[in-house]
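Novice: Heads up, the numbering used here is the position in the sequence shown plus 733, with the first residue counted as 1. One structure, pasted below without further comment.
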Amino acid sequence: MRNVSSPVRTSPVPSRWLGALALASLILLSGCSAFSRAVREGDASSKERRWAEAEAAYLRALAADPEASEVTVKLRAVRKEWGAEVYQEAGAAHASGDLPSATKLLVRVLELDPEHDGARALLAQTLDARVGVALGLLKEEKLQEARAELDAVLAVAPDHTGARKGVDAVQVAWAKRFFASAETLEKAGKLGNALLAYVRADQERVGATAARERAEAVRLKLRDEVAFLVVAAPVDDQAQAPDVAQRLGAGRLAAFLPTQLPLKVVTEAPPGRVGVKLELALERVLPLKAIEESQRSKRYLAGNRSVPNPKRGQFESKLLETERTLEAVERKQAAVLREYLRAQVELGTLRDAAERCREREKRECREALQECGEEARDAKKPGSLPGECNPERCSGQCTQDEGLMVQKAKATRVLEGAVQLALDKAESQRSEVQRHRDAVFREPITVEEPMYSDFVYDVQLHRLTVTATVTTVMRDLLTPQQVPAPNTQDYAVLHEDVTHKGYDRYGVLADPVQLRNELELRVDAGDKAVADLAKRVKARFDVYRGKRVEDARRGMVRPGAEDVVETAVRALLLTADAPPQDVLQPVARARGLTRPEALLGL
């Protein structure tokens, strides 16, 4: 008998695995083909000495396989041979005197072959030669060409000592050139342009010339030229108060004016100058003392008293609320329990009725069986079934009663769960009531609280007021024929202090009067008047310089013109506290200033 073994069934490989394997193989093959193709292209280009194409091909091969060391060796060889050819071109350019081209080529050689000592030495010679060319241009006063040559050297070798020294020499030459131009402009009376040239000379090389000192001198001349003069006449002391009149003098007025602006307080002014003339009259100085009686109260601790404990009241309220909640819960519990008991009684009644029905059904079934047997024995035809043997006489009589009993049993079980839930809720509420009852019993009925009272005592308010009345007449220097209206102002300085007796029993400490001296208040009144006067002078000055700034703004369409610069510099000196940027920046850019604020001496 031969055993026939069933063939072994191999599980089929899922199609998605086969697809993934095929995709991986395709990627691998494509990578290998790209690598091989790039290497072949690189080798072919290298044989034909097309170095740029060979380098690009080898780089593609390394991108496909970065670990290919033989490609790295080939790439290094290509760059070395390429660098040798570029070195030959650089030598030819150097020999012909084309130093910029030689510099670019030598830098390229070192990029291709950093170990090329000949290129490094030739680059040093080329840079030194370019520095020599720059120094020659410097001697010929071709400063821009010399600076461009030196910057090109420093772009290749930032630490080249000769190039750095050459840059310093070019900066000194620029500074001297701008300084000479500034002196020429100053002699020609173009002080605004001269100031810009001095600032530019100092910017090019600090200390190479006396540009900073000359700029300060020219700045002072311009400030004197555009200064807004305030001619302060002697104060007419009609109040016979020299201490207050002294505070209104020219020196005090100058102290209250901003120092960075060309605002000058003088006693006399030449004709044709812009400014105002002040005529001050101190009409009166009136000191006034006053005392006001009033009362204050001081609260002090008079004793303690017993009061109902507010916390106990809160706890009692919570206890009452929980007890009422417990009563409601117990009422619901009693109602649910009554429903449950009623359902139990009805269930017992239905159960008894079902039992009686079952007994009656059994009895009738036995009688039916007995009649069926008798009829079967007396039957005339064998095999026939008499009508008394009907099976329906033994079933189906108690189905309705049993259904009602089952429904009532389900309803009783639901009521039983409701009763259990009501019992749990009532027990939880009883625990809550007991907890609040314990909290009430732990809290005392009364507590002690402090009792305060108010002590009334007399207070005196001492007030000292000094009022200075000053009349001011402000005349325009350019239109002296106009008669302005006098301006009379009262400048009041007030100081007050409270004093009262001391009562140690009630915690009221004695406070003696500490009023300032009348002489101090008179000085403060004079200072207040001169500060207001300085504010009004500043307002007139703002109107004057606003017109000059508008004139300067109209010329910003050509900010480098000499006449525009003259107007703009004067307007900027008038606005030294907040120079308008729409005037300062265009002028600074037109004249090459890197720090425009240096124009104002900042």
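The C-beta atom is built at its ideal place from N, Cα and C for all residues, glycine as well.
Quick test of your reading: Thr1202 and Asn1220, contact by CB under 8 Å. State the CB separation rounded to the nearest angstrom.
Specialist: Between Asn1220 and Thr1202 the Cβ distance is about 11 Å, and since that is not below 8 Å, they are no contact.
Novice: Please state whether the Cβ-Cβ distance between Arg1017 and Ala972 is less than 8 Å.
Specialist: A contact, by the Cβ cut-off of 8 Å.
Novice: What are the boundary residues of the alpha helix (DSSP H) that includes Pro1043?
Specialist: Pro1043 to Arg1110
Novice: Suppose you measure from the CA of Glu1056 to the CA of Gln1047; what does that come to, to the nearest Å?
Specialist: For the pair Glu1056 and Gln1047, the Cα-to-Cα distance works out to about 14 Å.
Novice: Out of Lys1268, Arg1163 and Ser1030, point me to the one whose CA is closest to Ala1061's CA.
Specialist: When each option's Cα is compared against that of Ala1061, the closest is Arg1163.
Novice: With contact counted as at least three CB pairs below 8 Å, one residue from each stretch, are the region 877 to 894 and the region 1259 to 1266 in contact?
Specialist: no
Novice: DSSP puts Asn1037 in a beta bridge; with which residues?
Specialist: Pro1183
Novice: Just how far apart, CA to CA, sit Glu1181 and Ala1172?
Specialist: Glu1181 and Ala1172 have their C-alpha atoms roughly 20 Å apart.
Novice: Report the option in Ala1309, Val819 and Arg1322 whose CA atom is closest to the CA atom of Asp846.
Specialist: Val819
Novice: Give me the DSSP bridge partner(s) of Arg956.
Specialist: In DSSP, Arg956 forms no bridge with anything.
Novice: Tell me where the alpha helix (DSSP H) around Leu962 begins and ends.
Specialist: Leu962 -> not in any alpha helix (DSSP H); beta strand (DSSP E) instead, spanning Phe961 to Ala965.
Novice: Looking at the structure shown, is Arg1328 part of a helix, part of a strand, or coil, going by DSSP?
Specialist: coil
Novice: Quick check on this structure: which residue in Gln1247, Ala790, Leu962 and Ala1142 has the alpha carbon closest to the alpha carbon of Arg773?
Specialist: Ala790
Novice: So Glu1229 is in the beta strand (DSSP E); what residue range does that whole segment cover?
Specialist: Asn1220 to Thr1232
Novice: On the DSSP bridge assignment, give the partners of Ser1030 in chain order.
Specialist: Val1189
Novice: Look at Ala794 and Gly824 and say whether their C-beta atoms are less than 8 Å apart.
Specialist: no
Novice: Which whole-angstrom value is the C-beta distance of Phe1188 and Tyr1239, which I expect to be below 8 Å?
Specialist: 4 Å
Novice: Taking just the CA atoms, how far does Arg841 sit from Gly816?
Specialist: Take the alpha-carbon of Gly816 and the one of Arg841: they are about 8 Å apart.
Novice: Using 8 Å as the threshold, is the region 974 to 989 in touch with the region 1029 to 1036, meaning 3 or more CB pairs across them?
Specialist: no
Novice: When you compare only the Cα positions, how much space is there between Asp976 and Lys1271?
Specialist: Cα-Cα distance, rounded: 25 Å.
Novice: Who pairs with Thr1200 in a beta bridge, going by DSSP?
Specialist: Leu1019 and Ala1225
Novice: Please state the DSSP three-state secondary structure of Ala1014.
Specialist: If DSSP states are grouped into helix, strand and coil, Ala1014 belongs with the strands.
Novice: Where does the unbroken beta strand (DSSP E) through Leu996 begin, and where does it stop?
Specialist: Leu996 to Val999
Novice: Spatial neighbours of Leu1306 within its chain, please: CB distance less than 8 Å, with the 5 preceding and 5 following residues excluded, ordered by chain position.
Specialist: These residues qualify, in order along the chain: Arg952, Leu955, Arg956, Val959, Pro995 and Leu1333.
Novice: Please list the terminal residues of the continuous alpha helix (DSSP H) segment that includes Gly925.
Specialist: According to the DSSP assignment, Gly925 belongs to the alpha helix (DSSP H) that extends over Leu924 to Glu937.
Novice: Check whether the Cβ atoms of Ala1087 and Glu1135 lie closer than 8 Å to each other.
Specialist: yes
Novice: Let me make sure I understand the geometry here. Which of Ala1109, Tyr1190 and Thr1212 has the alpha-carbon closest to that of Tyr1236?
Specialist: Tyr1190
Novice: Use the C-beta contact count for Glu788: other C-beta atoms within 10 angstroms, 16 or more gives buried, fewer gives exposed.
Specialist: buried
Novice: Does the region 944 to 951 come close enough to the region 962 to 970 that 3 or more CB-CB pairs lie under 8 Å?
Specialist: no
Novice: Does the pairing of the region 1153 to 1170 with the region 1000 to 1018 give three or more beta-carbon distances under 8 Å?
Specialist: no
Novice: DSSP three-state label for Arg773, please.
Specialist: helix
Novice: Quick check: the region 828 to 843 against the region 794 to 806, are there 3 or more CB pairs under 8 Å?
Specialist: no
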